[in-house]
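Notes follow the structure.
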Amino acid sequence: MNDSQNYCGKMKKKYFKPWVTFSQSSERVVIPQPEAPTPISSQSNCPHLEQGLSDWHSTDTWPGGVIPHAGSNVTLPANTRVILTKNQNGILGYVSIPSTSELIIGERKKGIRLKALGISVEGKLTAGSTTCPIETKIRITLLGTRPSDAVTNRPDEIVKGISVTGTLNLHGEQFYRTWTRLANTIHAGDNYALLQDKVNWKPGHKVVVVTTAVSDTTVWHENEVLKVEFVDNFRYNKQNKGSIVYFKSSFQHDHLANRGYQGEVGLLSRTITVSGGKDSEPTDPDPLTCTQARWMWGGPQKAPCQDKGLTGYGGHIIIHDGGKGYVEGVELFRMGQTNVLGRYPIHFHILGNGCDDCYFRHSSVHHSFYRCVSIHGTHNLTVTENVGYDVTGYCYYLEDGVEEDNTISFNLGAFIHHLGEAAYGGGQVTALAYQSVNLTLPADVTASPFYITNVHNRIIGNAASGGWSGFAFPSLKKPIGAHTGVNMRPSSRVSLEIDGNTAHSTGWWWYHAAGFYFGGALYTADDGQSLIYNAGRDSANGSRSPCLLDQCAKGNCDAYCPRQHQAWVRMTNSKAFLIPSGGTNSWSGRMEVVGYEVHDAGLALEALEAGFWIDDMLVVCRTGANFSLPEGSRASGIKGSGFFWYDTGQEHIITNSLFRNCGYRSDEFNQYDESPDRGCSNTDNLMSCHQDSTVFGFLTHSNQFNPEGMQGTKNITFDNCGRRYRLHDWRGINANSTVSGRLQNWLDVDGSASGLGEPVIMGSGQSEAGLWWHVENDGKNDVTMAT
Amino acid sequence: MDDLQGPLKFIKIGNGRNRAIGHIHIRFDESVHSEVGTEYCQNGGSASCDALGYVKHWGTYFASDLGLPVTANPDIAGPTGGFGWLFTLKAGGPKYLKLLYPEIDPTSPLVLGVPYPAGTNVNITAQAAWCTDSNTISCQEIYHEVASPDLVRSGGGNAFHMSTDGFLTVRIIHTPSNFMGTPEWIFPQMNTTGKNGDWYAIDRFSRGGVTLIKLP
Chain A
1 MNDSQNYCGK
11 MKKKYFKPWV
21 TFSQSSERVV
31 IPQPEAPTPI
41 SSQSNCPHLE
51 QGLSDWHSTD
61 TWPGGVIPHA
71 GSNVTLPANT
81 RVILTKNQNG
91 ILGYVSIPST
101 SELIIGERKK
111 GIRLKALGIS
121 VEGKLTAGST
131 TCPIETKIRI
141 TLLGTRPSDA
151 VTNRPDEIVK
161 GISVTGTLNL
171 HGEQFYRTWT
181 RLANTIHAGD
191 NYALLQDKVN
201 WKPGHKVVVV
211 TTAVSDTTVW
221 HENEVLKVEF
231 VDNFRYNKQN
241 KGSIVYFKSS
251 FQHDHLANRG
261 YQGEVGLLSR
271 TITVSGGKDS
281 EPTDPDPLTC
291 TQARWMWGGP
301 QKAPCQDKGL
311 TGYGGHIIIH
321 DGGKGYVEGV
331 ELFRMGQTNV
341 LGRYPIHFHI
351 LGNGCDDCYF
361 RHSSVHHSFY
371 RCVSIHGTHN
381 LTVTENVGYD
391 VTGYCYYLED
401 GVEEDNTISF
411 NLGAFIHHLG
421 EAAYGGGQVT
431 ALAYQSVNLT
441 LPADVTASPF
451 YITNVHNRII
461 GNAASGGWSG
471 FAFPSLKKPI
481 GAHTGVNMRP
491 SSRVSLEIDG
501 NTAHSTGWWW
511 YHAAGFYFGG
521 ALYTADDGQS
531 LIYNAGRDSA
541 NGSRSPCLLD
551 QCAKGNCDAY
561 CPRQHQAWVR
571 MTNSKAFLIP
581 SGGTNSWSGR
591 MEVVGYEVHD
601 AGLALEALEA
611 GFWIDDMLVV
621 CRTGANFSLP
631 EGSRASGIKG
641 SGFFWYDTGQ
651 EHIITNSLFR
661 NCGYRSDEFN
671 QYDESPDRGC
681 SNTDNLMSCH
691 QDSTVFGFLT
701 HSNQFNPEGM
711 QGTKNITFDN
721 CGRRYRLHDW
731 RGINANSTVS
741 GRLQNWLDVD
751 GSASGLGEPV
761 IMGSGQSEAG
771 LWWHVENDGK
781 NDVTMAT
Chain B
1001 MDDLQGPLKF
1011 IKIGNGRNRA
1021 IGHIHIRFDE
1031 SVHSEVGTEY
1041 CQNGGSASCD
1051 ALGYVKHWGT
1061 YFASDLGLPV
1071 TANPDIAGPT
1081 GGFGWLFTLK
1091 AGGPKYLKLL
1101 YPEIDPTSPL
1111 VLGVPYPAGT
1121 NVNITAQAAW
1131 CTDSNTISCQ
1141 EIYHEVASPD
1151 LVRSGGGNAF
1161 HMSTDGFLTV
1171 RIIHTPSNFM
1181 GTPEWIFPQM
1191 NTTGKNGDWY
1201 AIDRFSRGGV
1211 TLIKLP
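In order, the protein sequence lines correspond to chains A and B. Going by the working numbering, the letters in the first sequence line up with residues 1 to 787, in that order. Going by the working numbering, the letters in the second sequence line up with residues 1001 to 1216, in that order.
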């Protein structure tokens, strides 16, 4: 009897039902799936099996007959293809591959190890090919200690890096899926996970099971990394669609899978590993003992200690100056150098359109000290099916705002750590973050799994957990960094495709942060060099006006985009869940959000723009799942509301949308629904909502900013909701009514929101408005003046 | 039917006249309007924002109603399509009256009525904010007087009536911000094209079967 048989009996009773298959994993949206790979029956066109290769370990290969040894700098002979077939003992100095040469790393059952201070690839560095993925272990380790002035006096590319101006071909075995989602909830104590997809992971592989807690931060998280014991691909269910993965240890926490959302499970191990040495670890680790004066989510919250963890100094890969990078099936571990510009796990650096067949795919980046992959001044690149986990700074990263036509698809990013103090503030304002030696990119105060500075890219099927937000879309009026002065406006670009992305366990640090955050402004200071970041609403620098005309090319980036040429940033098929703030927040420009699910969030969507359409939205304010929260916070501190109409200058349209289990439940709010479990209450412990929870809210605190005719709806459905409407004045219920409060209105085109079933105008019911929001039903008597 | 939660009022559009939501910003005393946000009518603050006047719907149904307070920040949004909005100031009929930011459905008339002392003379001019006169474009319109409020209401939006007892009526329409006529005065409808044939004269945001008129 083997292990599989051991588990078999238990599985039939315990594991087979209930499960969440892919088709059941969402109610409204359709999350796209990566294309299944073409099976490779056997390796072919293996570079390491080609004829005419020179053996690294042969004296004949090297001038003078001296085989490279520990401590020596190595330059491959010109016009030579050298193959490494076994471990290179000791730590080499710098390895240089001239433009006419190639270093090929082969396969060996026991693996092949290469340690060096750095590698310069003017020629080629090769391991495997697309038809010959490496199936045995290759470990390239980069070593070196961090100079004290690493930020201000950055070492050359070769230092603790692989500097590629030639061609980098790294092709590890493809594991599919590189990540998937749970098919059933994991309970603490379990040692297995049911997955929605089949996987070909192997015993000993490291896997991250991403948190489904509401918080995912360095000071408190429930991500878990376990080793695979074995994978069972045969006993899952009748459709045989998924895998059961057994682990060598048991889970410490629950990980949720329900019909609304499911936690992700990602593979960290690969056959080819490029890593920094143990000397990469920061010498100033965060003791995680700090608190801050933020009372959020029902209590005071811990926070990372300031200016700690700033000395991580991992390895890096940079492809630049005409280089090419084809990297797949590679594990990047202990890479990236905190706050050192350009020193990232993998960095496609200013390649323009010259690397349009390049890719970084099927790989993992974990325990990174600075980002995952940077697309910098590079277009038409493909970054797909990667796993990023435990990363300082933004993970998937469009660096200067000029990067376009890239595909960032089916990637997972989780457990992302901000630098500096996480952006926070009162109202819509946060403190400005300034560039410094401790904060090279000030936007890293809102570090998130995905950093999209230009929407003219394809952002498809990605999953985000943790970070200040899940997907950060900052506004850049001008390109930054190396592209300062380029005549284009990133924030005016039209979106290519933003589809099928999910975000969860994020938005912890600020009430206006969100799973999808279209806010924040990054710009160059008056000195023309240093950067400033405003994480909050920035009317001066943070507006976004996607335009079909290129006004910059016509000579004036500031020119008004004529009405007929205005475009909308379109986001489709998106899902946000387990977010204490908002599922989506956009206060930077016109958007269409079409196909959108939100579960267990503080607010479904926050939008501030004259031209915002939300269609086919499902909002489940409380699914009934228990929230996992850090000590000091409470579920009832998380609102659980649907949508708030803003108070001035907007045009918001919501169509074909359903709200479920939203709105506070009390005897006071039973006009539309009296069911005992409608909405939510603040006494349900781990699934509570705030007593202010409402399906729709109106901002009514202002006498200065007042509504016009700004909001309309069609085909709205309330499903088991408590309070539906709330005129909200943060000054309290006893405050005097305001101009904005008295003028609130709403065009209910089909009467579905009001429940009257015919076109309806809703208006303020505040008593101080008198009969202003009344009409005579037949209108016969209002033709005469009554003075 | 009223909503008790917001609280909100529900108005069936199909009842009686063709109802819509309209908006105007009605300025009458720049000395107070200029202090909005500071001395008066703050964004959540405690500064005074008391009623300087009121606006209410015409008709006997509303006769006993004080109306909607009009403050130093004189935004008015409300249901249109009745006979009109009656605007009164505590200080009496304003010598200066400037209407900005109209959002008005052309099929749902909005007639503004303002009481003045008998014998008051008025001059009314409409001016496009972002406009340069040309052979094909006019930027300004001087309103003409007609014989009755009914003619004002059914007119083209560039007429007024002053009764013998001093009651002014003028129809407020949604004029584009960049022209008033081509060059003759136009009363833009929802399908009227904009200046030079671009877009629409009445800006709007329209999606999924819902149309919201935008500020010009």
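From the three backbone atoms N, C-alpha and C, an ideal C-beta is built for every residue, glycine too. Quick caveat, the model's predicted, so the values are computed rather than measured.
Nearest-angstrom Cβ-Cβ length linking residue i and residue j, presumed shorter than 8 angstroms
i: L117 of chain A; j: L143 of chain A; result: 6 angstroms
i: N153 of chain A; j: D307 of chain A; result: Not really, about 20 angstroms apart at Cβ, beyond 8 angstroms.
i: R563 of chain A; j: Y424 of chain A; result: Their Cβ separation, rounded to whole angstroms, is 37 angstroms, which puts R563 of chain A and Y424 of chain A out of contact at 8 angstroms.
Alpha-carbon to alpha-carbon, residue j and residue i
i: T572 of chain A; j: L441 of chain A; result: 29 angstroms
i: P63 of chain A; j: L168 of chain A; result: 25 angstroms
i: T59 of chain A; j: I83 of chain A; result: 13 angstroms
i: L1068 of chain B; j: R742 of chain A; result: 8 angstroms
i: T178 of chain A; j: L267 of chain A; result: 5 angstroms
i: D1075 of chain B; j: V749 of chain A; result: 24 angstroms
i: M710 of chain A; j: W746 of chain A; result: 7 angstroms
i: V373 of chain A; j: H347 of chain A; result: 6 angstroms
i: K137 of chain A; j: V494 of chain A; result: 43 angstroms
i: G637 of chain A; j: G1208 of chain B; result: 35 angstroms
i: A786 of chain A; j: C557 of chain A; result: Any reading at A786 of chain A is ruled out, since the residue's pLDDT is 42, under 50, leaving its predicted position unreliable.
i: Q1042 of chain B; j: F705 of chain A; result: 8 angstroms
i: W613 of chain A; j: A482 of chain A; result: 36 angstroms
i: G595 of chain A; j: S539 of chain A; result: 28 angstroms
i: Q566 of chain A; j: L548 of chain A; result: 6 angstroms
i: P304 of chain A; j: D286 of chain A; result: 7 angstroms
i: K795 of chain A; j: V402 of chain A; result: It is not possible to answer for residue 795 of chain A, since the shown part of chain A is limited to 1 through 787.
i: N661 of chain A; j: L1008 of chain B; result: 21 angstroms
i: D216 of chain A; j: E27 of chain A; result: 25 angstroms
i: Q671 of chain A; j: R724 of chain A; result: 9 angstroms
i: P171 of chain A; j: Q43 of chain A; result: Before going on, a small fix: residue 171 of chain A reads as His here, not Pro. If I take the Cα positions, the gap works out to 12 angstroms.
i: V775 of chain A; j: G1082 of chain B; result: 8 angstroms
i: V1217 of chain B; j: M591 of chain A; result: One cannot answer for residue 1217 of chain B here, as it falls past the ends of chain B, which runs 1001 to 1216.
Distance CB(residue i)-CB(residue j) smaller than 8 angstroms
i: D1050 of chain B; j: T1080 of chain B; result: no
i: G722 of chain A; j: F669 of chain A; result: yes
i: P32 of chain A; j: G500 of chain A; result: yes
i: E790 of chain A; j: T75 of chain A; result: Residue numbering for chain A in the displayed model covers 1 to 787; residue 790 of chain A lies beyond these limits and cannot be assessed.
i: N406 of chain A; j: N386 of chain A; result: no
i: A1072 of chain B; j: E1035 of chain B; result: yes
i: G52 of chain A; j: R81 of chain A; result: yes
i: L1212 of chain B; j: I653 of chain A; result: yes
i: D400 of chain A; j: P479 of chain A; result: yes
i: S1138 of chain B; j: P1183 of chain B; result: yes
i: G329 of chain A; j: R270 of chain A; result: yes
With 16 other Cβ atoms within 10 Å as the buried cut-off, status of residue i
i: G65 of chain A; result: exposed
i: Y15 of chain A; result: For Y15 of chain A, the pLDDT reaches just 47, beneath the cut-off of 50, and the residue's location in the model is therefore unreliable, leaving the point undetermined.
i: S530 of chain A; result: exposed
i: L376 of chain A; result: A small fix is needed here, since residue 376 of chain A is His in this sequence, not Leu. Burial call: buried.
i: E224 of chain A; result: buried
i: A78 of chain A; result: exposed
i: R1019 of chain B; result: buried
i: K554 of chain A; result: exposed
i: T289 of chain A; result: exposed
Residue-chain proximity (residue i, chain C), Cβ-Cβ < 8 angstroms
i: K554 of chain A; result: Absent from the structure is chain C; the protein chains it does hold are A and B.
Members of the region 754-765 of chain A that neighbour chain B once the beta carbon cut-off is set at 9 angstroms: S754, G755, L756, E758, P759, V760, I761, M762, G763, S764 and G765
By the 7 angstroms beta-carbon criterion, what residues does the region 1174-1191 of chain B contribute toward chain A? none
Residues in the region 664-690 of chain A having any Cβ partner in chain B nearer than 7 angstroms: F669 and Q671
Select from the region 32-48 of chain A all residues with a C-beta closer than 9 angstroms to any C-beta belonging to chain B, and list them in chain order. none
Report the residues of the region 594-622 of chain A with a CB closer than 7 angstroms to any CB of chain B, ordered along the chain. A610, G611, W613 and D615
Under 8 angstroms, CB to CB, which of the residues in the region 1101-1121 of chain B have a partner in chain A? Y1101, E1103, G1113 and P1115
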